[in-house]
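Participant: Residue numbers (the working numbering): 32 to 431. We put the beta carbon where it would ideally sit given N, CA and C, even for glycine. On a predicted model such as this, the values are computed, not experimentally measured, just so you know. Here it is, the structure in full.
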Ligand SMILES: Cc1ncc(COP(=O)(O)O)c(C=O)c1O
């Protein structure tokens, strides 16, 4: 994918790379069409494999191409494909690159949908899966077998916010001739560019920070031309194409990624430090905190941070629920990465079906709250959290 803005800085690429100024439009118009007139050029594109040819919108559309180009430009990747969801990007990529008899190493800290696909579905196709510690690249190395093909990680995990040492992980993959894949959804390309650290493929749920407004579901894979070309025909077979209208929204969202992310990061860092000093809080996970286990590795891998924050409220899950239900401004919902602050307790939502002892082992202990910090005024967010913590405290006192 050629990008005439490739020598420009991040903010300029976010605004202009991939955006198609058709008929002089300042943004890519929406092409609500399922099919395109077959011209000589399109017949040639079809004969050449159809990738990046707007023939039929399950293959590519003008809008999906714009999005793929923009994400590739932001990640410093050669090529990319757009999908109907993050899960579609993940499953299509893995089904394209793995065959019966192959083996993949991943981590139980990966997103629940990814973990479920790996543990419940891949084995049905004769693909072996081993789980290792995302914080310890040597555990991934120890799990490598003769038939291993892929090492799969996430930059920043959900909901404990463990940081993967992507440089060390890529070195392990390179040493063993394996494909290194990372889900960079939580960190975003504003904070971390895994390709520059040696990763082969980078996946995003575009639903989160890239879209940024909680109004769409999308997925993207970017990486080497060769690997993306292997994935494209499986996208065509599996049918998880991104529709043009969603791509328009996603492209629009990404044009302000660089403007939104510093506020997400600053707000979440400020709330993390205030929470740390609050008597109702047992512990706080945020990459900016000196007290945080992965602080040092985060400064190297994703130095600008992200808006994700998690904390443990004294009094267990019941106190956490009282706190959450007392919030007036902050919205109780799953998902993340939008301009509005969202909060959830993993025990009754994202991790409901994970046994308590498995949750505890991962660090999701009673009282755990995950928060996607938005870009509202930080004083309003803190005032809401403070009054809700006071309510939770009053509940604890009545119980005592
Ligand atoms: C890290 C991560 N990857 C992938 C996904 C799946 O994305 P989608 O919901 O767009 O399919 C999610 C969803 O929450 C996620 O958090």
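From residue 407 to residue 250, what does the alpha carbon distance come to, in whole angstroms?
Facilitator: 26 Å
Participant: Roughly how many whole angstroms lie between the Cα atoms of residue 409 and residue 180?
Facilitator: Computed Cα separation, rounded: 45 Å.
Participant: Look at residue 354 and residue 419 and say whether their C-beta atoms are less than 7 Å apart.
Facilitator: yes
Participant: Given 6 Å as the limit, tell me if residue 240 has its C-beta closer than that to any heavy atom belonging to ligand 1.
Facilitator: The nearest non-hydrogen atom of ligand 1 is 6 Å or more from the C-beta of residue 240.
Participant: Considering only their Cβ atoms, is the gap separating residue 134 from residue 151 smaller than 7 Å?
Facilitator: Contact flag unset, no.
Participant: Using three-state DSSP, classify residue 81 as helix, strand or coil.
Facilitator: coil
Participant: If you count every other CB in all the chains shown that lies within 10 Å of the CB of residue 389, and 16 or more means buried, which is it?
Facilitator: exposed
Participant: My output table needs one value for residue 161: the three-state DSSP class, helix, strand or coil.
Facilitator: Here DSSP, grouped into helix, strand and coil, assigns residue 161 to strand.
Participant: From residue 417 to residue 303, what does the alpha carbon distance come to, in whole angstroms?
Facilitator: 13 Å
Participant: Listed in chain order, which residues are found with a beta carbon closer than 7 Å to a heavy atom of ligand 1?
Facilitator: 116, 117, 118, 119, 121, 142, 144, 145, 185, 189, 214, 216, 217, 236, 237, 238, 239, 248, 249, 250, 366, 367
Participant: In whole angstroms, what is the alpha-carbon distance linking residue 170 and residue 199?
Facilitator: Going by the C-alpha atoms only, they are around 12 Å apart.
Participant: Can you confirm whether the stretch 389 to 400 touches the stretch 246 to 263 when touching is taken to mean that 3 or more C-beta pairs between the two stretches lie within less than 8 Å?
Facilitator: Short answer: they don't touch.
Participant: Ordered along the chain, which non-local residues of its own chain (more than five positions away) have a Cβ less than 8 Å from that of residue 269?
Facilitator: 119, 122, 123, 126
Participant: With 16 as the cutoff for other CB atoms within 10 Å, does residue 441 come out buried or exposed?
Facilitator: What is shown of the chain runs 32 to 431, which leaves residue 441 out entirely.
Participant: With 16 as the cutoff for other CB atoms within 10 Å, does residue 100 come out buried or exposed?
Facilitator: buried
Participant: At the level of alpha carbons, what is the spacing between residue 341 and residue 383?
Facilitator: 17 Å
Participant: Between which two residues does the beta strand (DSSP E) containing residue 179 stretch?
Facilitator: 179 to 185
Participant: Tell me, please, whether the stretch 46 to 58 touches the stretch 71 to 90 by the rule of three or more beta-carbon pairs shorter than 8 Å.
Facilitator: Between the stretch 46 to 58 and the stretch 71 to 90, the count of Cβ pairs shorter than 8 Å is below three; the stretches do not touch.
Participant: Express the C-alpha separation of residue 290 and residue 178 in angstroms, rounding to a whole number.
Facilitator: 44 Å
Participant: When the Cα atoms are used, what is the spatial distance from residue 349 to residue 154?
Facilitator: Cα-Cα distance, rounded: 37 Å.
Participant: Please state whether the Cβ-Cβ distance between residue 415 and residue 358 is less than 7 Å.
Facilitator: yes
Participant: Looking only at its chain, what residues have a beta carbon closer than 7 Å to the beta carbon of residue 132, apart from the 5 residues adjacent to it on each side?
Facilitator: 157, 178
Participant: Keeping to the same chain, check which residues put their C-beta closer than 8 Å to that of residue 297; ignore five residues upstream and five downstream.
Facilitator: Apart from the 5 residues on each side of it in sequence, residue 297 sits with its Cβ closer than 8 Å to the Cβ of 409 in its chain, given in chain order.
Participant: Taking the straight line between their C-alpha atoms, what separation do you get for residue 323 and residue 386?
Facilitator: 25 Å
Participant: Taking only runs of the alpha helix (DSSP H) that begin and end inside the stretch 264 to 348, which ones reach a length of at least 4 residues, in chain order?
Facilitator: When DSSP assignments are scanned along the stretch 264 to 348, the uninterrupted stretches of alpha helix (DSSP H) that are 4 or more residues long and fall wholly within it turn out to be 275 to 285, 288 to 307, 326 to 332.
Participant: Could you check if residue 235 is buried or exposed, using at least 16 other CB atoms within 10 Å of its CB as the buried criterion?
Facilitator: buried
Participant: Residue 286: buried (16+ other C-beta within 10 angstroms of its C-beta) or exposed?
Facilitator: buried
Participant: Using C-beta distances below 6 Å, list every residue in its chain close to residue 41, excluding the 5 sequence neighbours before and after it, in chain order.
Facilitator: 289
Participant: Out of curiosity, what's the CA-to-CA distance linking residue 360 and residue 412?
Facilitator: 7 Å
Participant: Can you have a look at residue 208 and say buried or exposed, based on whether 16 or more other CB atoms are within 10 angstroms of its CB?
Facilitator: Here residue 208 is exposed: its Cβ has fewer than 16 other Cβ atoms, across all protein chains shown, within 10 Å.
Participant: Is the Cβ-Cβ distance between residue 112 and residue 233 less than 7 Å?
Facilitator: no
Participant: Do you know offhand how far residue 91's Cα is from residue 283's?
Facilitator: 18 Å
Participant: Helix, strand or coil: how does DSSP classify residue 415 here?
Facilitator: helix
Participant: Label residue 431 either buried or exposed according to how many other C-beta atoms from any shown protein chain fall within 10 Å of its C-beta, with 16 as the threshold for buried.
Facilitator: exposed
Participant: In whole angstroms, what separates the C-alpha of residue 317 from that of residue 424?
Facilitator: 23 Å
Participant: To the nearest angstrom, report how far apart residue 365 and residue 307 are at their CA atoms.
Facilitator: 24 Å
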